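Each residue of the sequence shown is one higher than the one before, counting from 3 in the numbering used here.
Just so it is clear, CB atoms sit at the ideal spot from N, CA and C, and this is done for glycine as well.
Bear in mind the structure is a predicted one, so any value in this text is a computation, not a measurement.
Here the structure comes first, spelled out in structure tokens, and everything after it is commentary.
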Amino acid sequence: MKKVLITSALPYANGPIHIGHIAGAYLPADIFTRFLKFKGVDAIHICGTDEHGVAITLAAYKEGISPKKLVDKYHEIIKRDFRSIGVEFDHFSRTTSRTHYMIAREFFLKLYKNGHLEKRTTKQYFSPKENKFLPDRYIIGTCPYCGYEEARGDQCEKCGRQLEPLELKNPRSALTGVSLELKETVHWFFKLSSFKDKLEEWLKRKNWKPFVKEFSLSWVKELQDRPITRDLDWGVPVPLDDPDAAGKVLYVWFDAPIGYISATVEYLPSEWEEYWKDKDTTLVHFIGKDNIVFHTVVWPAMLMAHGDYILPTDVPANAFLNLMGRKLSTSRGYAIWIDELVKSVGQDIARYSIALYIPEKDDTDFNVVDAFSRTNAELVDSFGNLAQRVLTFIRRYFGGKVPHPKSLSSEDESIFNFARMKVQSYENNLLKYNFRLALKDAVELSNEANRYFEHQRPWKLVKESPERAETVLYVAYQVLKITSALFYPFVPSSVKTLWDYMNIKEGKFDDMVEVSPELSGVEIKDSKPLYRKVDDKVIREWVKILEERAEGLESKEKRISIDEFRKVKLVIAKVLKAEKIKNTDRLLKLEVDIGDNIRTIVAGIGDKYEPEHLIGKKIVLVKNLEKKRIRGVESDGMLLAASDKDGKPVLLVPDEDVPEGSEIT
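Pasting the structure below:
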């Protein structure tokens, strides 16, 4: 690797950081960057706060302060949170910086001059009370898929579906609750659809995580042009001398990734082009799965349209971290915040417990009992114990100096060979973003070193065979050094403390994982235990805290009585015909038999199911729903579906053949 530019998703400056954020994008990026630098690679880690967009203005409105005061406040809080858990950046910027405004405007103008932007008239919801057009997150309404009445104009938080404001039922202002009017407005669109073939060809060549690549390719198939401006008074102003540009800013999802470039310019004003314009540079974006499409489709298309910059080499997106069987929710207060976690258990215990649950492939559940129990066993009782017993023994029996070895036995050679095998596996796993497997390699080496120490019984050897005892402690010291190198990217603070105790100068990874005969005779320093166990009382307190937060979460959910539920008539229906509705991405027109009559319904399942595959299938239908006209088709009913891990619909079907019209009770 010549140069490696690593970025983490820019966190919104509208709240503090929780464990889901850290597990998804920031801890993996920090571990990866630390490892590359440890290897001697020219790697930099760039990030910053995302300070534009509706999420910011809404949060500022709720707190009763200006957007500027809000982002200033949370920029500092977020930096504090990252420092507390030891996530380091070579440069941590913000999208309200002067440099970012300049770079973002230049980027927009380059695309405009290259013919990739187009001004179009579109319909958007207008609030007569506030006398302005409202962006998606300023609009709430009923989700057309799950019926949640507080869905946002861009996403339903309950079922997780991505939405457009026009899809919402009963749309209203998120600020005042008033009903909205649909009016025409002008926006600039990025001609994303023109990059379909180029993106598809590029993506097919990528050796990425399977779920990232598959999701990206599925998105490219239905690529549509995207508006990249918004009617807002907070953001990067549209840099055009056009009356229609007045009062408009760049859409946050256009302006935010440009922040990676502007932050690099700030950090390396004379050398930044070596990272963004040299085809030999490796560009890696660490993100959560909710950001995949922007980093693997929209952002690469923007870079292609600009023409001067390299494209992402890899986008090792992670899935979501859940908490004690529930979804983390910033807005509803169900989370473990980083500042409180670090205050409770310390930096490296916090880092380790989260690293155990990095959701590399699938959504992963963080259980505080299991997380702290495993951390106690693996970090404290294994690695921490190994360090303490080796150093204590050298001080007690060898005057604090690393002994000189005599002849190595087969057991000594065996532990060294095991260490070499684990080092190779560890390095392969880290370079493939398999952080949990890499950590497993480190723990297995630590466990084996403890077994070696226990089996050799140096406390007996010092009396029965002093020369053998010297060799055993020499071997144990060397293996401790190698093991510490594997733990370093995960728990850097405590490992640096250990290296100081061992009187080892921090070197390169390849040197640290080799046996170093020159360390014989080195005088170690007085040491203290590296870690303190998370005791049962603390674990019980965390369980109680999360139970209380979960109760608060449930109390906010609107419940209905059994009588209300009985009003909903659910029946089994058989699909007779199915066809796509023209000019839509996922809407299908279905004819279904419900026993006593044939009905037509419209269902938003075309992104998951082909029409011909639905014919003959039996589904669950809401029979007594009010009719609604959708895209010119009168829909008389609603089918039931769940959402899979990618947010796509999964039909609910009976597991046995039952007649059409059968009621579900």
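Mind checking which residues open and close the beta strand (DSSP E) that includes residue i?
i: F288; result: 283-288
i: N436; result: Here N436 belongs to no beta strand (DSSP E), and DSSP marks it neither H nor E.
i: I360; result: Element bounds for I360: n/a, residue is neither H nor E.
i: N324; result: 323-325
i: F192; result: 183-192
i: F128; result: 119-129
i: I46; result: 44-51
i: T144; result: 141-144
i: I58; result: Unbroken run through I58 is the alpha helix (DSSP H), 56-65; no beta strand (DSSP E).
i: R631; result: 630-632
According to DSSP, is residue i part of a helix, a strand, or is it coil?
i: S264; result: helix
i: D443; result: helix
i: F91; result: coil
i: K533; result: It is worth fixing the name first, because residue 533 is Tyr in this sequence and not Lys. Reduced to three states, the DSSP call for Y533 is coil.
i: V370; result: helix
i: N599; result: coil
i: P651; result: strand
i: G179; result: coil
i: Y14; result: strand
i: S645; result: strand
i: L219; result: helix
i: N387; result: helix
i: E152; result: coil
i: V477; result: helix
i: H406; result: coil
i: K620; result: strand
i: Q458; result: helix
i: D609; result: coil
i: K291; result: helix
i: N452; result: helix
i: L589; result: strand
i: L205; result: helix
i: M400; result: Correcting the residue type first, residue 400 is Phe in the shown sequence and not Met. Three-state result, F400: coil.
i: I8; result: strand
i: K579; result: strand
From which residue to which residue does the alpha helix (DSSP H) around residue i run?
i: R107; result: 100-115
i: T499; result: 494-504
i: I564; result: 564-568
i: L616; result: 613-616
i: E275; result: 274-278
i: L168; result: Careful: L168 lies outside any alpha helix (DSSP H) and carries neither H nor E.
i: I33; result: 29-40
Comparing the C-beta of residue i with each C-beta of chain C, is any distance below 7 angstroms?
i: L225; result: In the displayed structure, chain C is absent; only one protein chain is listed.
Short of 7 angstroms in beta carbon distance, which residues of its chain neighbour residue i, apart from the five on each side in sequence? Order them along the chain.
i: K215; result: L205, K208
i: P656; result: I574, K620
i: V517; result: F418, Q480
i: K112; result: H308
i: S355; result: A373, F374, T377
Counting only the same chain and skipping the five closest in sequence on each side, list residues whose C-beta sits under 8 angstroms from that of residue i.
i: K131; result: S175, T178, V180
i: D280; result: K4, K5, I312
i: R488; result: Note that residue 488 corresponds to Leu in the displayed sequence, not to Arg. Correct list, in chain order: K424, V425, Y428, A440, D443, A444, L447, V515.
i: G639; result: A575, V594, I596, R601, I603, L623, V624, K625, L627
i: R328; result: Y336, A552, L555
Assuming the contact rule is C-beta atoms closer than 8 angstroms, residue i and residue j should be a hit. Round their C-beta distance to whole Å, please.
i: E362; j: F437; result: 7 angstroms
i: G88; j: R459; result: Between R459 and G88 the Cβ distance is about 37 angstroms, and since that is not below 8 angstroms, they are no contact.
i: I263; j: T283; result: Their Cβ separation, rounded to whole angstroms, is 13 angstroms, which puts I263 and T283 out of contact at 8 angstroms.
i: S218; j: V299; result: 6 angstroms
i: F368; j: L325; result: 5 angstroms
i: F288; j: S10; result: 5 angstroms
i: N116; j: A307; result: 6 angstroms
i: P13; j: T51; result: 6 angstroms
i: S86; j: V344; result: 4 angstroms
i: G143; j: L170; result: 3 angstroms
i: I141; j: L182; result: 7 angstroms
i: L555; j: S331; result: 7 angstroms
i: V370; j: W210; result: Not really, about 32 angstroms apart at Cβ, beyond 8 angstroms.
i: L500; j: A389; result: 5 angstroms
i: R542; j: Y336; result: R542 to Y336, Cβ: 19 angstroms. No contact.
By Cβ distance, which residues of its chain are closer than 6 angstroms to residue i, with the 5 residues on each side in sequence left out?
i: K41; result: F511
i: K483; result: none
i: Y28; result: S10, V89
i: R228; result: F192, L194
i: A478; result: V392, F455
Please find out if some non-hydrogen atom of the ligand SAM comes closer than 6 angstroms to the beta-carbon of residue i.
i: L12; result: The ligand SAM is not among the ligands present in this structure, which contains no ligands whatsoever.
Problem set entry | Uninterrupted beta strand (DSSP E) stretches inside the stretch 300-343 (no shorter than 3 residues) | With a minimum length of 3 residues, the continuous beta strand (DSSP E) runs that stay inside the stretch 300-343 are 323-325.
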